[in-house]
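> Sharing a structure here in structure tokens format.
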Amino acid sequence: QVQLMESGGDLVQAGGSLRLSCAASGTIFSINTMGWYRQAPGKQRELVARVTPGGYTNYADSVKGRFTISRDNAKNTVYLQMNSLKPEDTAVYYCNAVYRIVSWGQGTQVTVSS
Numbered sequence: 341q342v343q344l345m346e347s348g349g350d351l352v353q354a355g356g357s358l359r360l361s362c363a364a365s366g367t368i369f370s371i372n373t374m375g376w377y378r379q380a381p382g383k384q385r386e387l388v389a390r391v392t393p394g395g396y397t398n399y400a401d402s403v404k405g406r407f408t409i410s411r412d413n414a415k416n417t418v419y420l421q422m423n424s425l426k427p428e429d430t431a432v433y434y435c436n437a438v439y440r441i442v443s444w445g446q447g448t449q450v451t452v453s454s
């Protein structure tokens with residue numbers, strides 16, 4: 341069973357930075373496509389960023405140039421560096437792992453105050 345544990349969510353002022361981490365267990369981490377999604381109140385969950393086993397990345401248009409996803413296969417961890425945060429980035433951020441099955445973490449709250 342794949343387990344994903346997110347951390348790093350916090351309350352931050354607009355313009356600030358946060359780094360989210362997601363530690364994975366129960367899977368061969370390196371063969372999973374890892375992603376970060378977010379869900380704001382009253383909205384659907386949306387893709388923020390994704391990184392493939394080969395290191396290919398893609399981002400939502402709303403975060404391009406501000407967020408960076410990376411992975412450390414030795415630590416079974418994926419990161420999301422978030423810079424120049426905006427109030428509209430406020431959401432619960434979820435880690436996602438995909439290899440034959442889709443697994444989700446329980447989420448970490450990011451709140452950006454104006």
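For the sequence shown, my numbering begins at 341 and goes up steadily by one. Glycine residues also receive a C-beta, built at the ideal position from the N, C-alpha and C atoms.
1) Could you please give me the residues that DSSP links to Ala-437 through a beta bridge?
2) Are there 16 or more other CB atoms within 10 angstroms of the CB of Tyr-396, so buried, or fewer, so exposed?
3) For Asn-413, which residues in the same chain have their Cβ closer than 7 Å to its Cβ, ignoring the five residues on either side in sequence?
4) Here's a check: name, in chain order, each residue in its chain whose Cβ is nearer than 6 Å to the Cβ of Val-391, leaving out the five neighbours to either side.
5) Helix, strand or coil: how does DSSP classify Asp-350 here?
6) Looking at Leu-344 and Val-450, is the spacing between their C-beta atoms short of 8 Å?
7) Is DSSP giving Asp-412 helix, strand or coil here?
8) Would you mind giving the Cβ-Cβ distance between Gly-447 and Cys-362, rounded to the nearest angstrom? I have them listed as a contact below 8 Å.
9) Tell me the rounded alpha-carbon separation between Asn-372 and Asn-423.
Looking at the atomic coordinates:
1) Met-374, Ser-443
2) exposed
3) Phe-369, Ser-370
4) Met-374, Thr-397, Ile-409, Arg-411
5) coil
6) no
7) strand
8) At roughly 10 Å, the Cβ-Cβ gap does not stay under 8 Å, so Gly-447 and Cys-362 are not in contact.
9) 25 Å
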